[in-house]
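Just so you know, the sequence shown maps onto residues -40 to -1, 1 to 143 in mature numbering (1 follows the signal peptide of the UniProt record, and there is no 0).
Glycine is no exception: its CB is placed at the ideal position from the N, C-alpha and C atoms.
Please read the structure below before turning to the comments.
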Amino acid sequence: MQISQLLNRFNSKKFTKLFTQTIALGVGAFVLFSSTDANAAEQVVLKYGTFQGQVSVEELTQFTETGKTTPTLTAYLQAAQQDPAIARKALKAPIKADAAFLNSLLSSWAGPILVNQIGEVVHPPAGELNQQSLRDALSASIEKNGEVTLLGAIQNYPNTSVELEGDRLIAVYERLSNLAKLL
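Structure follows, in structure tokens:
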């Protein structure tokens, strides 16, 4: 009799509701913990003067790391008359140093200058630069790779979309390269 009473309880509405909630909670936890960059940029709006196009962060990362472009990215680079090799170099050029030093640099008087330099190229779409968000993105990049790059700022930017000002890319790259030589 005890087994039949237990089975009757399992068939109750309360158990069904509890079971459904448990499954939903489990699925939700799986999705939350399996996506490691849930608060990171997913789309990049490339801007070159009046030209504007959208690519995924994944496409831009693949291009920066391997040099391989997707047809969309190739078309955008051609339309913008941008040399892919120079754009790639600018996106991956690092400021390398000890992670603690780079984080302290971001917290020092030089931090806002560095953030503003990168913010000229990487910022939220059609919005003002949020220095704290970009600082957080740079800190995340430092923690992952021990360096600051424009690609790292894009990958870790805490917004679903970010703009990349391609026409300012080379100038900012050169200033960051000069800064890296001083470190």
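For residue i, write down the residues that DSSP places opposite it in a beta bridge.
i: E107; result: K56
i: S16; result: Q3
With burial defined as no fewer than 16 other Cβ atoms inside 10 Å of the residue's Cβ, what is the status of residue i: buried or exposed?
i: Q91; result: exposed
i: G126; result: buried
i: V132; result: buried
i: P84; result: buried
i: I73; result: exposed
i: T120; result: exposed
i: G87; result: exposed
i: T109; result: buried
i: N138; result: exposed
Put residue i into one of helix, strand or coil per three-state DSSP.
i: S137; result: helix
i: G9; result: coil
i: E80; result: coil
i: L94; result: helix
i: Q41; result: coil
Leaving out five residues before and five after residue i in sequence, what residues of the same chain have Cβ atoms less than 6 Å from its Cβ?
i: L37; result: P44
i: K56; result: E107
i: G13; result: L6 and Y36
Compute the Euclidean distance between the alpha carbons of residue i and residue j, then round it to the nearest angstrom.
i: Y8; j: A40; result: 6 Å
i: G106; j: A59; result: 5 Å
i: V81; j: K28; result: 22 Å
i: V122; j: L62; result: 23 Å
i: G112; j: A47; result: 14 Å
i: T10; j: Q22; result: 25 Å
i: I78; j: T34; result: 24 Å
In chain order, what residues of the same chain lie with their CB nearer than 7 Å to the CB of residue i, ignoring the 5 residues before and after it?
i: S67; result: none
i: K52; result: T24, T109 and L111
Shorter than 6 Å, the distance from the beta carbon of residue i to the closest heavy atom of the ligand FAD, or not?
i: Y133; result: The ligand FAD is not part of the structure shown, which contains no ligands of any sort.
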